[in-house]
Amino acid sequence: MSKPRVAVTIGTSTANRVMGQDAWDALYEIAEVVRNPHDRTLTEDELADLIAGSKAVISGWGGGRLTAKVLDRAPELGLVAYSAGSVKPIVTDDFWERGIRITSCAPVIAIDVAETTLGLMIVSIKKIWQYNAYTHQGGWLSGAPFGPPLEMKGKTVGIVGASHVGRRVIELLKMFEVRILLYDPFCSEEKAASLGAEKVELDELMSRSDIVSLHAPITEQTHHMINARNLALMKDGAILINTARGWLIDESALIEELKRGRIFACLDVTDPEPPAQDSPLRKLDNVILTPHIAGPVTDCTRLGRRAVEEVRRFFNGEPPLYEVTREMLSYIA
Numbered sequence: 104m105s106k107p108r109v110a111v112t113i114g115t116s117t118a119n120r121v122m123g124q125d126a127w128d129a130l131y132e133i134a135e136v137v138r139n140p141h142d143r144t145l146t147e148d149e150l151a152d153l154i155a156g157s158k159a160v161i162s163g164w165g166g167g168r169l170t171a172k173v174l175d176r177a178p179e180l181g182l183v184a185y186s187a188g189s190v191k192p193i194v195t196d197d198f199w200e201r202g203i204r205i206t207s208c209a210p211v212i213a214i215d216v217a218e219t220t221l222g223l224m225i226v227s228i229k230k231i232w233q234y235n236a237y238t239h240q241g242g243w244l245s246g247a248p249f250g251p252p253l254e255m256k257g258k259t260v261g262i263v264g265a266s267h268v269g270r271r272v273i274e275l276l277k278m279f280e281v282r283i284l285l286y287d288p289f290c291s292e293e294k295a296a297s298l299g300a301e302k303v304e305l306d307e308l309m310s311r312s313d314i315v316s317l318h319a320p321i322t323e324q325t326h327h328m329i330n331a332r333n334l335a336l337m338k339d340g341a342i343l344i345n346t347a348r349g350w351l352i353d354e355s356a357l358i359e360e361l362k363r364g365r366i367f368a369c370l371d372v373t374d375p376e377p378p379a380q381d382s383p384l385r386k387l388d389n390v391i392l393t394p395h396i397a398g399p400v401t402d403c404t405r406l407g408r409r410a411v412e413e414v415r416r417f418f419n420g421e422p423p424l425y426e427v428t429r430e431m432l433s434y435i436a
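Per my numbering, the sequence shown starts with residue 104, numbered consecutively.
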């Protein structure tokens, strides 16, 4: 009996990062595999040729948009296993209208992003960033031009967005005996309580929190949700962390607030990326600025294993581990 065809549409470099040998072995065991031979995103015609006759597709970063022209070549296509986070770059109206299912590795990526977020919280509240710079400049504990390191215990942490990352961060924070506030219009008070958080409005979260951590998706409603008005509500000495998207913050307003020296920020994402060479964010002492590294950068093989597992489950008639529906796109990344 012939095996069903599976097309892997990501370029060779991405495939090498995402698909470990164990994932390839598992995929070849259950499918006839065709692969993108190039180290780039395929053209529409190339993508259509590659997925022709496929019953499942493994896509991901640079996997190409699934337009009507592409999908016409694969009338039996039933599943796209997306080996990255947001599926929005590849889905189209034509895709949804054909009833094809799609899964995402967002829950897997969330593990790495949440770990980075927690690390930034600890580095910031302990003032490790400042003490490192001060010590390298010849200083020591006494005479430091900033306050002493603080402890996590007893602090109030505001989580903006009960996303996969937001929920994972909440789980990691439980060992620190902190008070957790949650703003998410799609999360009920009961659900927030079950997560271990108190549901509040955004202004209350901004004003009460010692640490504000952003985990909201890109939607029309979240554009510049952090702005001059609510930044001014933050406590003196509060910490703002963004490991989600630069889209969420009015960057010019944040820069002005940072120049006042009242707050501290950890930004793994900006808008645009990278920030301009002359951006004040590159020079301000009260900013930790990293180049979008919170998620998996090199060690991504868990993503490939998850994508292959989704394909296996689909062929066996088992429910997907994490399916994305059209309705979910209004409130997820």
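Cβ atoms here follow ideal geometry from the backbone N, Cα and C, with glycine treated the same way.
*At a cut of 8 Å, does the segment 403-411 reach the segment 123-135 through at least three beta carbon pairs?*
Contact between the segment 403-411 and the segment 123-135 is present: three or more C-beta pairs spanning the two stretches fall below 8 Å.
*Output yes if chain B places a C-beta closer than 9 Å to the C-beta of K230; else output no.*
In the structure shown, chain B does not exist; there is a single protein chain.
_Please classify W164 as buried or exposed, where buried requires at least 16 neighbouring CB atoms within 10 angstroms._
The residue in question, W164, is buried, as its Cβ has 16 or more Cβ neighbours within 10 Å.
*Can L305 and H327 be called in contact, C-beta distance under 9 Å?*
Their beta carbons are not under 9 Å apart, which means L305 does not touch H327 by this criterion.
*Using only alpha-carbon positions, find the residue among P423, M309, F417 that is nearest to A159.*
Considering only alpha carbons, the answer is F417.
*asked:* In chain order, what are the residue ranges of uninterrupted alpha helix (DSSP H) at least 4 long that sit wholly in the segment 112-161?
replied: Fully enclosed alpha helix (DSSP H) runs of 4 or longer: 115-121, 124-133, 147-154.
*For W199, I'd like the list of residues in its chain whose CB is within less than 8 Å of its CB, leaving aside the five on either flank, ordered along the chain.*
Within its own chain, the residues whose Cβ lies closer than 8 Å to the Cβ of W199, once the five positions on either side in sequence are excluded, are R429, listed in chain order.
*Anyone know if the C-beta pair for A319 and S266 falls short of 9 Å?*
Yes; because the gap between Cβ atoms is below 9 Å, this pair is in contact.
_I193, buried or exposed, once every other Cβ within 10 Å from all chains shown has been counted against 16_ = Under this definition I193 is a buried residue.
*Look at the alpha carbon of N419 and the alpha carbon of C208, and state the distance between them as a whole number of angstroms.*
Cα atoms of N419 and C208: separation of roughly 19 Å, rounded to the nearest angstrom.
_Which residue marks the beginning of the beta strand (DSSP E) containing N345, and which one marks its end?_
Residues 342-345.
*Please determine, among M278, D128, E292, P423, the residue with the shortest C-alpha to C-alpha distance to V183.*
For the residues M278, D128, E292, P423, the minimum Cα distance to V183 belongs to P423.
*Length of the line joining the Cα atoms of R348 and P394*: In a straight line, the C-alpha of R348 is about 12 Å away from that of P394.
*Cα separation between G340 and D313?*
CA-to-CA, the gap between G340 and D313 works out to about 8 Å.
_Suppose only complete runs of 4+ residues qualify. What are the alpha helix (DSSP H) ranges in the segment 175-226, listed by chain order?_
Taken in chain order, the unbroken stretches of alpha helix (DSSP H) that lie wholly in the segment 175-226 and span 4 residues or more are 196-200.
*asked:* So, with DSSP's three-state summary, where would you put F289?
replied: If DSSP states are grouped into helix, strand and coil, F289 belongs with coil.
*Under the rule that 16 or more other beta-carbon atoms within 10 Å means buried, what is M309, buried or exposed?*
Using a 10 angstroms sphere on the CB of M309, the tally of other CB atoms reaches 16 or more, which defines it as buried.
_Does S433 come out as helix, strand or coil in the three-state DSSP assignment?_
For S433, the secondary structure class from DSSP, reduced to helix, strand or coil, is helix.
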